[in-house]
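So the sequences go chain by chain: P and A. Under this note's numbering, think of the first position of the first sequence as 8, with each following residue one higher. Under this note's numbering, think of the first position of the second sequence as 15, with each following residue one higher. This report concerns only the one structure given below.
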Amino acid sequence: MSAWAARRGAAIAFAALALGAASVAGADREAGRRKAEVCAACHGPAGNSVDPAVPSIAGQPAQFVSTELFLFREGNRKDPRMSPIAAGLSNGDLNDLAAYFAAEKPAPPKHGSAPENAAAGPALARKFNCVQCHGPELLGQQHIPRLAGQQPDYLLAQLRGFKAGTRADIDGNMTSAAHALSDQDIQVLADYLAGLNAGK
Amino acid sequence: MRVAAVAAAVMAVFTVAQAQGQPAAAPPSWQQGKPPAMGESTLHPFAPNLTGRAAKELPTDKLRVPAGFKVEVWAEGIPEARSLARGEKGTVFVSNRLSKNVYAVVDRGATREVKTVLTGLNAPNGIAFSRGTLYVAERDKITRYDGIEARLDNPGEGKLVVDGLDPSQQPGHFWKYLAMGPDGKLYFNIGAPGNIVMPSYMQASIMRVDPGKGVLENVALGVRNSVGFDWNPRTKELWFTNHGRDWLGDDSPNDTLHRVASKGAHFGYPFCHQGDTPDPEYGKHRSCSEFAPPALKLGAHIAPLGMKFYTGKMFPPEYRNNIFIAMHGSWNRSTKQGYNVTRVVVNDKGKVVKSAPFLTGFLQNERGDPPMWGRPVDVLVMRDGALLVSDDYNGILYRVSYAKR
């Protein structure tokens, strides 16, 4: 490219900027920390839940956190406590909260799996393809949550909800994956997963 | 993204199994058609960041275009930006697939503004603009919004053009691409209801409807899922991109580019893939010779989406009437490919001469998970001849322009 062309290119770039393609603020972890103060009442300190029915969100993949908040806000996923909280949040809020929770460290699980479930769990997690998306250590990735060390009653309720078709997911994959599970499988998996230490 | 789905056929098996008192064992949707040998494959579909990501957080400086061209961020804050359509007054309309909105990007004086103009829609992936009207194809219907550019803040409810376009009501390739043909009819796809299943008469097709009459016609059959088509400006023939099936290996079958030489032609699905590869199950007793072959094999799992013939005057003359295809990129392949905009050169007779990547740099690590930081979905030729490219992974539109040297 000649110097003339380079100058012309710069002029075009300047014109585009001058038109002010409104830029979007990036995810702000510190802003997320402030916005997350209300979350601790149910989700525990830094998103480490101590309630077996409430999920831990500390150390979850950022895209998973923003996606679930999005699904609550848009009404795909419904919960009497979460839906009204999510209703007033902007996309920027969701990205800030996701950045904050993703950077927090998951606490070691308080739950102890029954020995027979801990023994049977790994084979079930392979058989029903959990590890294929949630990862070999079940730590989650991208829009897919960490299952290791998640609260057991929450896991039970979600798997039963997916199987019943009442729990929304963005692409239908979990709904169809859960079709293959018996309720006995669900109980074994929930107990096994809740006892895995995500922090190790 | 080619998330295969629990298909009608699978659901039938599921129902029978239940009736016999056996435990239900439908495969997870995206694994339908996967052979036992690939049972523990860790390949999985990707999902867009539904809240969008800021351009400044992304390595947009990695984007590459040929010498003399320039690529820049044109608009952002359009979460899950999918299909593109251009209004007569300069509005750029942008659709959603998983989300529920249609957006309008408008230049007001010194600022470029993104407005949400339609909300609460059901997978409104398909949008087309013609003679003052925006047409929106949702999962099950097409609606028209007349005079929308004059009332972007209050476009109203819209009027129904045609409904009943979701025959299986199952997960599957239920989202639609929409384009206005030179004949004044609206063209759209109805995808196969799963990865590799026997479609119904309305599925795995491209259809058209006269918006004034609402009568449907078949245009192309045996099309697994087309999420991009346009008309050759020289021959007026319809060309379309098509997604091949999953789980036949890293290099098979190819996704394809097709030319519709005769209305109602059959392109092979589910019997024959890429014009020459019988399906291991559905192709056993069929021959590929009875189906229309592709104009070009594009690469396995590369996921071609929106396509446009380049009719602008900004790019060099050799680009005139070339095809630009947005490659969303592979997931069902151990080494990833695509994630670019590809240029296909077509000669005067409508034959493909060559193809090459044109806009690249979204793919970071072909063995990474995820392998990319952005995913092209659709392309649009602007009035000035620049090319807009949508990216649903981040909610960004890029502009490719050319400056004479």
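Cβ atoms here follow ideal geometry from the backbone N, Cα and C, with glycine treated the same way. Just so we're clear, the structure is a prediction, and the values are computed from it rather than from any experiment.
Item                                                                                                                                 : Value
Separation of VAL87(A) from GLY6(A), as counted between CA atoms                                                                     : The requested residue 6(A) is not part of the displayed model; chain A covers only 15 to 419.
Cβ shell of TYR296(A) (< 6 Å), same chain only, five flanking positions each side left out                                           : PRO284, PHE285
For ILE339(A), the residue or residues it bridges with in DSSP                                                                       : MET321(A), THR356(A)
Whole-Å CB distance - SER344(A) paired with ALA306(A), under 8 Å assumed                                                             : Not a contact, Cβ separation roughly 24 Å.
Beta strand (DSSP E) runs contained entirely in the region 218-306 of chain A, provided each spans 3 or more residues                : 219-223, 230-235, 243-245, 252-256, 268-274
Length of the line joining the Cα atoms of LEU6(A) and SER240(A)                                                                     : Outside the modelled stretch of chain A, which goes from 15 to 419, sits residue 6(A), for which no answer is possible.
Top-ranked residue by Cα proximity to LEU252(A), from ASP265(A), PRO225(A), GLU304(A), ASP197(A)                                     : ASP197(A)
Proximity below 9 Å, CB of ASN203(A) to CB of PHE243(A)                                                                              : yes
For TYR412(A), the three-state DSSP class (helix, strand or coil)                                                                    : strand
Beta-bridge partners of PHE107(A), as assigned by DSSP                                                                               : ALA99(A), ALA118(A)
8 Å Cβ shell around LEU310(A) - same chain, five flanking residues per side excluded                                                 : THR270, LEU271, VAL358, VAL366, SER369
GLN6(A) at chain P interface by Cβ criterion, 9 Å                                                                                    : Only positions 15 to 419 of chain A appear in the structure, and residue 6(A) is not among them; the question remains open.
Own chain partners of ARG153(A) with C-beta closer than 6 Å, once the 5 adjacent residues on each side are dropped                   : ASN136, ALA137, ASP180, PHE188
Stretch-stretch touch, CB-based, cutoff 8 Å, three pairs: the region 41-49 of chain P with the region 92-109 of chain A              : no
Sequence-distant residues of its chain with Cβ nearer than 8 Å to GLU81(P) (five each side left out)                                 : none
Positions along the region 145-166 of chain P whose CB lies within less than 7 Å of some CB in chain A                               : GLN148, GLN149, HIS150
Beta carbon proximity, THR173(P) to chain A, threshold 9 Å                                                                           : no
GLY172(A), buried or exposed, once every other Cβ within 10 Å from all chains shown has been counted against 16                      : buried
Beta-carbon separation (whole angstroms), PHE376(A) vs GLY388(A), contact threshold 8 Å                                              : 4 Å
Extent of the continuous alpha helix (DSSP H) run through LEU312(A)                                                                  : Run containing LEU312(A): none in the alpha helix (DSSP H); it sits in the beta strand (DSSP E), 310-314.
Three or more C-beta pairs below 8 Å linking the region 121-130 of chain P and the region 188-206 of chain P                         : yes
Short-range partners of chain P found in the region 50-67 of chain A, where Cβ spacing is below 9 Å                                  : GLY53, GLU54, SER55, THR56, LEU57, HIS58, PRO59, PHE60, ALA61, PRO62, ASN63, LEU64, THR65, GLY66, ARG67
GLN36(A) (DSSP reduced to helix, strand or coil)                                                                                     : At GLN36(A) the pLDDT is 37, less than 50, meaning the model places this residue with poor confidence; the figure from the coordinates comes in the next sentence. The answer is coil: DSSP assigns GLN36(A) none of H, G, I, E or B.
Residue-chain proximity (GLN36(A), chain P), Cβ-Cβ < 9 Å                                                                             : Because GLN36(A) sits at a pLDDT of 37, beneath the cut-off of 50, its placement in the model cannot be relied upon, and the point is left open.
Rounded C-alpha distance that separates HIS280(A) from LEU312(A)                                                                     : 19 Å
Residue range of the beta strand (DSSP E) that includes TYR159(A)                                                                    : 155-160
Whether ILE151(P) touches HIS315(A) by CB criterion (9 Å)                                                                            : no
Contacts around ASN408(A), its chain only, beta-carbon distance under 7 Å, and the 5 residues preceding and following it disregarded : ASN63, GLY66, ARG67, LEU72, GLY388
The region 100-114 of chain P: positions lying closer than 7 Å to chain A by Cβ                                                      : LEU101, ASN102
Residues of its chain near VAL128(A), where Cβ-Cβ distance is below 7 Å and the 5 sequence neighbours each way are ignored           : ALA89, GLY91, ILE92, TYR117, VAL119
Rounded separation between LEU262(A) and SER415(A) - CA only                                                                         : 39 Å
Any chain P beta carbon closer than 9 Å to VAL395(A)                                                                                 : no
Local Cβ density within 10 Å of ASN346(A), reported as buried at 16 or more and exposed below that                                   : buried
Beta-carbon proximity of GLN157(P) to SER73(P), cut-off 9 Å                                                                          : no
Closer than 9 Å to chain P by CB, ASP383(A)                                                                                          : yes
Residue environment, LYS1(A), which counts as buried when at least 16 other CB atoms sit within 10 Å                                 : The requested residue 1(A) does not occur in the structure, where chain A is confined to residues 15 to 419.
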